[in-house]
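Reading through the structure tokens given below for one structure.
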């Protein structure tokens, strides 16, 4: 779904007199609730990243300060994916700190995790630079080939 | 210092000797990152203070008694899904050299160097640097108990404990290096099936009934490994079971 379509939808709902609308497809879940002041947009991305939600046009009564809050927008983030099947480890050793945590800045070439398979330990390097926004897999969990492991905000 | 070790093409031509270090794999990694070393380089130490087995397991080594070193390879020709081939060539090469000196040497899956009766003689710890293009570098850490007296230990042994005499560590190192290079080149040439065959011939408990624990104790027989290196064990009722590392324990 494109940003323009979301904006149009919000405009339409704002002017419709409906208090709350929920739309759910395989690709996304969109929930719009209109309070007396302004609509709030809450969007959760499922299998695809949600596009940037453009600032919707507020209803006639809204004040400029009451701009809608965008809960989560993952479109501008880049995924670091697993290059192999194995077990995901966030730390170099069981008793040490994680390679990276949410909020950390990573640079291209930096190790972000270890994936172990049959006693072979693979230090996985980030291809991108940016800030870690989310760690998508728990420590010591099995991962599949191409499974997203981290979300990185390239803007940082 | 130690001169060129072996009659090899590229392996061991650049040797970094450290009288003491925490872990040769860690030093090798730092030196790769600072571009001091590259494919073929070896980092070796006489005293490894914080030797590592896998993920935190300690590997204790008495100074100047054993062989502890790491070598650097660039197996860019391997897909990340094929990296078990590294376990195969390294454990095969080392176990063949050990067998020149000692009887009863086996490879305990996936890559332990093992004496049939006396237990572990050494270990291999392979760490790869991986990016989206594949394996960039492979650091092969090898630790072997040579002249350390380990007769008191129940599940480990050494050259000294098995033979009652001291051995020339550099001689053993030379042989290992040239054999690893030989098999590495063979792997690069795509000769995987023969290497797998040699590996299986040396696999501890292959085709023998023995007891194992995969959450439950059972009697089984090792049949081999699959492509990704999982261990295949046949249970008494005839089922074939595939195990990843640490998913099954040998009870012996």
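Protein chains in written order, with the numbering used here: chain G, 31 to 186; chain R, 1291 to 1542.
By construction, the Cβ of each residue, glycine as well, lies at the ideal position given by its N, Cα and C atoms.
Model, not experiment: these values are computed from the prediction.
The C-alpha of residue 1436 of chain R lies about 7 Å from the C-alpha of residue 1457 of chain R.
The stretch 1504-1515 of chain R and the stretch 1468-1479 of chain R do not touch, with fewer than three beta-carbon pairs separated by less than 8 Å. 8 Å or more divides the Cβ of residue 1388 of chain R from the Cβ of residue 1447 of chain R.
DSSP lists R:1395, R:1409 as the bridge partner or partners of residue 1405 of chain R. In the DSSP annotation of this structure, the continuous segment of the beta strand (DSSP E) that includes residue 147 of chain G starts and ends at 141-147. Residue range 178-183 is occupied by the beta strand (DSSP E) that includes residue 182 of chain G. For residue 168 of chain G, same chain residues with a beta-carbon under 6 Å away, outside a window of 5 residues either side, do not exist.
Neighbourhood of residue 1371 of chain R in chain G, by CB distance below 8 Å: 114, 115, 175, in chain order. Annotation for residue 1464 of chain R: the continuous alpha helix (DSSP H) segment containing it runs 1459-1478. Excluding the 5 residues flanking it on each side, residue 134 of chain G has same chain C-beta neighbours closer than 8 Å at 161, 162, in chain order.
Note that the C-beta distance between residue 1493 of chain R and residue 1378 of chain R is not below 8 Å. As DSSP reads the structure, residue 1335 of chain R sits in a beta bridge with R:1308, R:1358.
Residues of chain R whose Cβ lies closer than 7 Å to the Cβ of residue 155 of chain G are, in chain order, 1419, 1420, 1421. Collapsing the DSSP output to three states places residue 1372 of chain R in a helix.
Under the Cβ criterion of 8 Å, residue 150 of chain G is counted among the residues facing chain R. Note on the stretch 1477-1522 of chain R: whole alpha helix (DSSP H) runs with a minimum of 4 residues are 1482-1491, in chain order. One Cα belongs to residue 171 of chain G, the other to residue 147 of chain G, and the distance between them is close to 12 Å. Between residue 1326 of chain R and residue 1300 of chain R, the C-beta gap is not smaller than 8 Å, which leaves the two residues out of contact. No Cβ of chain G is located within less than 8 Å of the beta carbon of residue 1433 of chain R.
For residue 1517 of chain R, the closest alpha carbon among the candidates R:1408, R:1532, R:1526 is that of R:1532.
Scanning R:1453, R:1355, R:1362, R:1351 for the CA closest to the CA of residue 1316 of chain R turns up R:1362. Separation of residue 1339 of chain R and residue 1527 of chain R (C-alpha to C-alpha, rounded to the nearest whole angstrom) is 47 Å. Residue 117 of chain G: member of the beta strand (DSSP E) spanning 116-119, first to last residue.
Bounds of the beta strand (DSSP E) holding residue 1427 of chain R are 1424-1434. When secondary structure is reduced to three states using DSSP, residue 1377 of chain R falls in the helix class. When 9 Å is used as the limit between beta carbons, residue 1412 of chain R is near no residue of chain G, the shortest such separation being about 14 Å. The beta carbon of residue 1401 of chain R sits closer than 6 Å to the beta carbons of 1377, 1381, 1414 from its chain, once the five residues preceding and following it are set aside; these are given in chain order. Residue nearest to residue 1319 of chain R within the set G:141, G:105, G:111, G:137 is G:141 (criterion: CA-CA distance). For residue 1514 of chain R, not one C-beta of chain G is nearer than 8 Å to its own C-beta.
With a threshold of 16 other beta carbon atoms within 10 Å, residue 1529 of chain R falls short and is exposed. Per DSSP, reduced to three states, the secondary structure at residue 1437 of chain R is coil, with no helix or strand assignment. For residue 1538 of chain R, there is no enclosing alpha helix (DSSP H), since its DSSP letter is neither H nor E. Contact between residue 1384 of chain R and residue 1403 of chain R holds, with the beta-carbon distance rounding to 6 Å and staying under 8 Å.
Boundaries of the alpha helix (DSSP H) harbouring residue 1317 of chain R: 1314-1323, taken from the DSSP string.
Between residue 144 of chain G and residue 157 of chain G, the CB-CB gap reaches or exceeds 8 Å. DSSP, read as helix, strand or coil, puts residue 1300 of chain R in coil.
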